[in-house]
Amino acid sequence: MPRTKLPATGLVLVLCLTMWFESWLAEGGVWSEAPAGFYGMQTEALLAGQLHLKLKPDPHLATLENPYDPAQNLPYRVLDLSYYRGRYYSYFGIGPILLLTAPWRLLTGIYLSEPGATLMFALAANLLSLALLLRIWRMAGIQRRGGLLLLAAAL
5 MPRTKLPATG LVLVLCLTMW FESWLAEGGV WSEAPAGFYG MQTEALLAGQ LHLKLKPDPH
65 LATLENPYDP AQNLPYRVLD LSYYRGRYYS YFGIGPILLL TAPWRLLTGI YLSEPGATLM
125 FALAANLLSL ALLLRIWRMA GIQRRGGLLL LAAAL
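Mapping the sequence shown onto the numbering used here, position 71 (from 1) lands on 75, and the numbers just tick up by one.
What follows is the structure, given as structure tokens:
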């Protein structure tokens, strides 16, 4: 029995459904007008040509005897940010910013949220894994099997 080739529309449909499902999982929206989350604040800072965030620390923090003492800075600190010489810095890596959120902001004028960036990276990983699968099949001399490709795209 001859095998039929997978129509491209079937693959596109599965990829669109996968994208819809992943975007449904992205709580809080995919993009925003203002920087949202730590990566949004880092994107804003880097595009402004600075490493420190634009978020201003509470002025009381600078007046403390030891602004790094958790007992003293508790009412004023922002968790997951580093306070140094009156400025906040983020210790999260800038890889996602350089690869995705800064170019997104420059191209669209809006900020990509952290769930939105996760969605984009997941979609890119999905497409790259499908391309790798097709390449391996071609190198191994395996004929494309539409149902198997659809299953791989759905997973």
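We put the beta carbon where it would ideally sit given N, CA and C, even for glycine.
request  = Below 7 Å CB to CB, which residues in the same chain sit around Glu48 once its five sequence neighbours on both sides are set aside?
outcome  = Only residues of its own chain outside the window of five on either side were considered, and among them Pro39 and Lys58 have a CB closer than 7 Å to the CB of Glu48, listed in chain order.
task = Can you give me the Cβ contacts of Ala121 inside the same chain, cut-off strictly under 7 Å, excluding the 5 residues immediately before and after it?
result = Close CB contacts of Ala121 within its chain, under the 7 Å cut and outside five residues either way in sequence, are with Tyr43, Pro100, Leu104 and Thr105 (chain order).
Euclidean distance between Cα positions of Thr8 and Leu19 = In this predicted model, Thr8 has a pLDDT of only 49, less than 50, meaning its place in the structure is not dependable; the value taken from the coordinates is given anyway. C-alpha separation (whole angstroms): 20 Å.
key: Limits of the alpha helix (DSSP H) - the one that Leu123 falls within   = Taken as a continuous stretch (DSSP letters only), the alpha helix (DSSP H) holding Leu123 covers Glu118 to Ala144.
query = So, helix, strand or coil for Leu85, using DSSP?
reply = Assigned with DSSP and collapsed to three states, Leu85 falls in strand.
request  = Can you give me the Cβ contacts of Ala129 inside the same chain, cut-off strictly under 6 Å, excluding the 5 residues immediately before and after it?
outcome  = Nothing meets the Cβ criterion.
request  = Please name the residue, chosen from Leu15, Arg89 and Met124, that lies closest to Thr67 on a Cα-to-Cα basis.
outcome  = Comparing alpha-carbon positions, the option among Leu15, Arg89 and Met124 lying closest to Thr67 turns out to be Arg89.
inquiry  = Just to confirm before moving on: does the CB-CB distance between Pro71 and Tyr87 stay below 8 Å?
reply    = Their beta carbons are under 8 Å apart, which means Pro71 touches Tyr87 by this criterion.
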